[in-house]
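Using numbering that gives the first Met the number 0, the letters of the sequence shown map in sequence onto residues 0 to 794.
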Amino acid sequence: MYALLKKEIHSIFHSLSIIIFPGFFLLICGSLLWLIPGNYNIPENGYASLSSFFSLTSIIFLILIPALSMQTFAEEKKHGTLSLLYTRPIALHQIIVAKYIAVLVAILVALLPTLLYVLSISIYAIPEGNIDWGGIAGSYLGLIILASCLISISVFASCLTSNQVLAFIIGLLISACFFYGFDLLALFADSGKAQYYIKQMGFLSHYQTLQKGIISLSDTGYLIAITLLFLSLSSCVLRPNLKRISYSFSLFICLLILSSNLQFKWDLTADKRYTISDGVKSFLKELKTPVKAKLYLSGDLNAGFFSLRQSCTDMLDEFVKLSSGNFSYKIINPYQKNDNQGFESLEEKGIKGIAVNEKNREGKIIQQVIFPWILLQANEKELPVSLLVNEPGVSGEENLNMSIESLEYHLAVGLKTITNERIRKIVFLQGHDEPDESGMENLFDALSYNYQIDLGDISEVPNIDQLKDYELIVIASPQKPYSEHEKYLLDQYIMYGGKVLWIINGAKLDMDIFREAGLSPSMPNEVNLNDLLFGYGIRINPVFLKDLQCSDIPIRVSTTQAGDDVLYAPWYFSPILNVTPDLMITKGISFVSTEFASTISFVGHNSTDRKRQVLLFSSDHSRTVDVPGMISLDEINRLPDKKYFNQKNLPVAALLEGNFLSGFRNRPAPEGIFNHVFKDSVANNKMIVIASENIIKDDIGNNKTAKSQTSGDDTYSGKQFANSDFILNAVSYLTDDPDISVLKTKDVQLRLLDKNKLFENQNTIILFNVILPPILLVIFFLTKNILRRRKYRKF
């Protein structure tokens with residue numbers, strides 16, 4: 000068999016097909032991924048990921064693999080050499096396997112130059128080398144498994160005819176049917192359950208799992224079973240035998256049954272984003288309070304929601320195993336009205352149905368109301384947990400995929416919340432033109448699961464006794480000065496062990512004027528808190544931060560009958576902030592996005608009794624703009640000049656821990672303070688200072704750059720930032736509450752590309768990723784042929 004395999008490999012590598020088809024493959028991939036704008040373009044997407052490559056390659060393989068495999072047996076039949084092979088002392092299955100392996104080797108050779116893509120995103124990632132090596136390796140492995148499956152189908156097609164073109168067409172049709180056909184067929188099924196299982200018969204649903212970097216035994220087992228089936232059928236076509244055919248299908252069915260019952264998954268991603276994290280496992284094992292769950296996602300679901308339900312039940316089964324009997328669940332169909340759960344009672348519990356429109360076979364739109372919720376019950380309390388992520392501007396399929404990926408987080412947060420018997424109170428101070436609850440709705444919703452949130456004005460409070468019930472005071476975006484009375488209360492609250500989260504800008508501008516005119520004067524944000532903060536060891540600088548690592552904004556350049564013509568440009572006043580890794584507050588979160596941020600500076604001596612840690616900071620190419628001055632939208636026309644952006648790692652948020660001295664030492668108490676025992680110091684306290692008020696706002700205020708910051712969404716780029724996670728972690732840390740986002744210890748990172756480096760090295764990128772891979776293939780082909788000619792010239 001080795002001699003035959005060697006002969007087949009030589010046959011493929013010494014034909015023009017090895018350079019024509021893989022050459023076109025590399026040229027098309029390189030152009031669509033790095034040169035031509037579109038959904039597959041990696042620099043345009045901005046993520047340090049190769050997901051678009053693996054999606055694109057699977058489509059190209061549907062054409063490439065039948066083209067490479069069409070000659071395997073069709074050529075042998077055409078020239079009559081197949082019967083000559085039968086006379087050799089080699090089994091038929093060895094002949095088939097040899098040709099199969101030869102094509103697989105050719106595919107691996109075609110894939111080798113694409114490793115340059117991996118090198119490219121590693122070089123241009125932020126920071127350099129910040130890519131998911133394990134996930135990429137797993138995706139390559141999944142791609143190879145898919146390729147082997149398509150090769151077996153194409154070899155089978157080549158066995159059916161002596162015409163290579165016909166073999167190519169048959170292989171292409173069968174491959175396309177298995178890849179897309181079952182998904183199309185599922186559209187004709189009335190039941191969502193039927194749609195789901197029909198899709199499971201095709202390649203696409205299994206490959207999508209492998210493409211994420213998850214090696215699942217059920218998915219790989221299915222593809223391996225298909226591979227063995229078509230290799231066996233190839234043998235049956237060449238030498239018809241009913242017994243061999245029955246054996247082939249019996250083996251195929253046994254492998255399918257075996258693989259469907261093997262639920263083991265090997266998550267190769269670096270952050271193990273598809274595996275239950277160690278923190279949640281520990282939490283479930285230590286769960287003492289019995290919790291019951293009711294899953295209302297039931298009934299006649301479409302395929303997408305049925306897949307969400309399957310993923311949810313799989314996750315709940317894992318929770319049951321890990322909780323040692325303290326967690327249980329049951330599935331309830333709301334339409335059956337069992338368990339005395341009518342629609343009205345569900346509405347009262349906060350479980351709201353959503354309308355889903357589906358087309359039936361006649362093309363009529365049928366509206367169905369479903370309930371993607373779980374109701375958790377414990378300690379005579381009930382907590383509804385939504386399973387559906389609904390991101391604006393994202394397709395329904397992408398929302399369902401994100402919902403499946405975030406199941407662990409939502410369920411774990413719900414379990415922690417309902418089993419937490421301690422009521423924690425925090426207060427957002429008002430009275431200085433701070434945004435009200437409507438301006439921070441997303442943040443308030445996220446915090447309300449674990450905290451009682453109050454809005455309060457301390458201007459009339461006579462002493463700190465009324466503040467001692469609160470574990471945290473949040474000073475969120477004040478625009479007017481604090482009085483000495485209020486400052487004294489804050490200072491003494493801290494001296495008595497209270498925690499404060501300071502969210503204050505050092506500079507401000509009139510956003511109404513900026514929206515209307517595109518420019519506005521800036522000025523220092525005088526809130527009369529500088530002396531207090533200075534005494535605690537920190538200063539908020541009256542500047543605005545500009546950064547090359549920033550978000551894009553849409554600029555309307557013209558208006559036509561078809562709509563507005565919009566151009567996207569970098570907005571340097573909207574920096575994307577880096578986080579300090581390996582700190583409890585920032586562990587497991589990625590970049591934080593904001594706008595019109597200021598910077599902070601540490602003051603005083605860095606003594607051993609106080610620890611100062613930067614939490615958020617700018618990139619290596621940033622600078623500050625002093626105020627007063629004029630802020631103009633014309634900044635979008637500034638070229639990304641690193642000589643101008645010559646500062647780096649400017650701190651925007653910091654944690655202070657340790658001993659603090661009162662800002663009112665040797666000073667009389669202001670008027671209006673009664674019945675208070677003054678303290679001049681406190682030991683082992685902590686506070687967090689953030690010099691960017693827009694981190695917590697739902698709407699930045701600039702209509703050209705509006706984002707839902709607390710949920711971490713960038714409306715225009717589609718990127719999700721970690722604003723909400725950062726604030727929740729900061730509040731949890733200050734209140735000594737190990738929030739589930741910290742408990743998870745899962746480091747799910749948002750990996751971005753450095754757009755400035757990409758812009759500066761456009762020609763290098765095109766040369767390295769579009770031109771070089773096909774050239775390497777040509778060099779390999781020519782070198783091998785030159786060596787072969789030299790070898791045989793000696794004889």
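Ideal Cβ positions, reconstructed from N, Cα and C, are used throughout, including at glycine.
- The beta carbon of Y469 sits closer than 8 Å to the beta carbons of K424, I425, V426, D453, G497 from its chain, once the five residues preceding and following it are set aside; these are given in chain order.
- One Cα belongs to G430, the other to G671, and the distance between them is close to 17 Å.
- Annotation for K545: the continuous beta strand (DSSP E) segment containing it runs 542-546.
- Between I552 and L528, the C-beta gap is not smaller than 8 Å, which leaves the two residues out of contact.
- If you look at P580, you'll find it isn't in any alpha helix (DSSP H); DSSP assigns it neither H nor E.
- When only Cα atoms are considered, I512 and L374 end up about 47 Å apart.
- For G134, the secondary structure class from DSSP, reduced to helix, strand or coil, is helix.
- CA-CA distance, V730 to F572, rounds to 26 Å.
- When DSSP states are grouped into helix, strand and coil, L532 belongs to the helix group.
- About 11 Å separates the Cβ atoms of S519 and F543, ruling out a contact at the 8 Å cut-off.
- Cβ atoms of P112 and P772 come within 8 Å of each other, at about 4 Å.
- Under the three-state reduction of DSSP output, Y732 falls in the helix class.
- Look at F229 here: in three-state DSSP terms it is helix.
- If you check the CB distance, F673 and N441 do not come in under 8 Å.
- The continuous alpha helix (DSSP H) containing G170 extends over residues 163-175.
- DSSP places L294 in the uninterrupted beta strand (DSSP E) bounded by 290-294.
- Put simply, the backbone Cα of S16 is about 10 Å away from that of S68.
- Per DSSP, S458 has no beta bridge partner at all.
- The DSSP-derived three-state label of L31 is helix.
- Contact check for L576 and S617: beta-carbon distance about 7 Å, within the 8 Å limit, so the pair qualifies.
- Per DSSP, the unbroken beta strand (DSSP E) holding Y328 starts and ends at 326-330.
- Shown here, V676 sits in coil according to DSSP, grouped into three states, outside any helix or strand.
- Each of A47, N378, L733, I588 was checked against the Cα of T288, and the nearest Cα belongs to N378.
- Nearest to I554 by C-alpha distance, out of L547, K545, D546, L566, is L566.
- With a cut-off of 8 Å on Cβ pairs, the segment 621-635 is not in contact with the segment 675-691, counting fewer than three such pairs.
- Straight-line spacing of the CA atoms in L159 and F305 works out to 39 Å.
- The beta carbon of L296 lies closer than 6 Å to those of R308, P371 in the same chain, with the five residues before and after it left out.
- C-alpha of A568 to C-alpha of G603: approximately 40 Å in a straight line.
- Apart from the 5 residues on each side of it in sequence, L91 sits with its Cβ closer than 7 Å to the Cβ of S234, L237, R238 in its chain, given in chain order.
- Around the beta carbon of Q465, fewer than 16 other beta carbons lie within 10 angstroms, which makes this residue exposed.
- Residue pairing by DSSP places F427 opposite L454, V473 in a beta bridge.
- Taking C-beta atoms under 8 Å as the contact rule, D546 and P574 qualify, at a distance of about 4 Å.
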